Amino acid sequence: MRKLPLHTKIIIGLVAGLIFGIICIFSPIPSFIVIDYIKPFGTIFVNALKLIAMPLILASLIVGVTNLGDISKLSRLGLRTIGIYMVTTVIAITVGLILVNTLKPGKVISAETREELLNIYKGDVEQTQQNAIKEIREKEPLDPLIRIVPDNIFNSTSDNKNMLQVVFFSVIFGIALLQVPKNKAEPVKGFFEGLNDVILKIIDYIMMLAPYGVFALMAALIVEMAGDNPAKALEVLGALLMYGLTVLLGLAIMTFGVYPSILKTFAKARYTNFFKGIRDAQILAFSTSSSSATLPVTMECVEKNLNVPEKISSFVLPLGATINMDGTSLYQGVAAVFIAQALGMELTLANQLMIVVTATLASIGSAGVPGAGMVMLVIVLEAVGIPAAGLALIIAPDRILDMCRTVVNITGDSTVSVVMASTEGEEVVI
Ligand code: ASP
């Protein structure tokens, strides 16, 4: 085991966790053993990743901005990054809408299955709706803009949900650092460079735990999904197979079609090397369902393996982890139309365009945490007039789809960072 490369160990941890979980549900091992004594190691691993996300953004972005050395470069980078993020999001939703309108997975759900699902998941829908209300409560139209500027940076850094605020502060801090006299700026910059190196070292330590953390997360996932009645859980998943496959097909088209084409066109990058470079981040995104928790590893992979300079990745990736979620937006498009189909509603072209607009906004507003995409889906449904009770139809496979869409979310961010580096004239040798 010692000699194996880390990514092989992580994959072994993932597969072993899945197998162990399956063995547990079909053996007399009580599920509380996994939930109470194995899952906590997965939680500790995810916490450790989250622990360093904020200091990493702060240090690497301040260093990154000062290395850019020029404010006009920064504003060009910012505008282009946001622009390309919007474009990939709209492409993703369009792919999802084309698939769901062609394959029509909602039409294969029988009336009995529909009623059964609406009944089983009624409580979960209410909970999700409550969460959505909390997210959008008391919002004025420009609230998302207001929330970028924090009134207390120390408060902001104490909650991972506030990444965008920390990005904002770090950029301003970096710009100011460029404009104070050199003798004053140097020690401050040196401090953040040192801090950055220390955090990167800590990421290496955390990654050593990854095979065990991933094992625990996967075993717990299987046991929790099976619940008290594994046969019933499988039956429900089977009934929603067409829906799940439609989302997965869309995600596969993004991963193996859209991103490679973007990489080839704008960065002349070989996508096999690209995938090899980010595979650790992809496996972690899959096992944690959280692009925020994966962020430190995404940054490390993109910088070390894809040669994207820190001055670019430190800006593009944290921004992407908060506002660019191609996998989530694709899923929201498919899910909204699927629910409408299953409830026998006809959607007009205007409704579908509304889905493109609201799913773009909802994916920007989704936090990079497990299940956030489904909470924000409530907004898409409401905008189009689809009853939110229909969420009950898609809850069962959501965790699995969340894992896969999170992989696409971080793959999209990594693609854009390679493209940005390459269009900024950096030598991205991949
Ligand atoms: N789990 C996703 C992420 O962290 C968000 C979502 O689609 O629920 O990127």
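Quick note: to get this note's numbering, add 757 to the position in the sequence shown (first position is 1). Even for Gly, the Cβ is constructed at its ideal location relative to N, Cα and C. These figures come from a predicted structure and were not determined experimentally.
The alpha-carbon of R904 is positioned some 7 Å away from that of Q922. Not one heavy atom of the ligand ASP falls within 8 Å of the beta-carbon of I841. In this structure, the C-beta of R904 stays at least 8 Å away from each heavy atom of the ligand ASP.
Taking a contact to require three or more Cβ pairs closer than 8 Å, the segment 803 to 816 and the segment 999 to 1009 do not qualify as touching. DSSP places E1183 in no alpha helix (DSSP H); its state is neither H nor E. With respect to Q1089, G863 sits apart: the two C-beta atoms are not nearer than 9 Å. D908 has its alpha-carbon roughly 35 Å from the corresponding atom of R1156.
Around the CB of M965, fewer than 16 other CB atoms lie within 10 Å, so the residue is classed as exposed. Nearest to P987 by C-alpha distance, out of G1130, K939, F783 and I769, is F783. Assignment of Y794 by DSSP, reduced to helix, strand and coil, places it in the helix class. In terms of side-chain proximity, the C-beta atom of T1085 is found nearer than 8 Å to a non-hydrogen atom of the ligand ASP. By the rule of a C-beta closer than 7 Å to any heavy atom of the ligand ASP, the residues picked out are S1046, S1047, S1048, S1049, M1082, G1084, T1085, Y1088, S1123, G1125, V1126, P1127, G1128, A1129, G1130, M1131, D1159, R1162, T1163 and N1166. Exposed is the label assigned to P785, since fewer than 16 other Cβ atoms lie within 10 Å of its Cβ. With a threshold of 16 other beta carbon atoms within 10 Å, A1149 meets it and is buried. A Cβ-Cβ contact shorter than 9 Å links V971 with I767. With three or more CB-CB distances shorter than 8 Å, the segment 831 to 842 counts as touching the segment 1067 to 1083. Looking only at G1142, C781 and T1085, the smallest Cα-Cα distance to V847 is reached by T1085. Note that the C-beta distance between V865 and V1094 is not below 9 Å. Put simply, of L761, V1176 and P787 the residue whose alpha carbon is nearest the alpha carbon of V980 is P787. With respect to L874, A996 sits close: the two C-beta atoms are nearer than 9 Å. Counting along the chain, N1030 sits inside the alpha helix (DSSP H) bounded by residues Y1028 to T1045.
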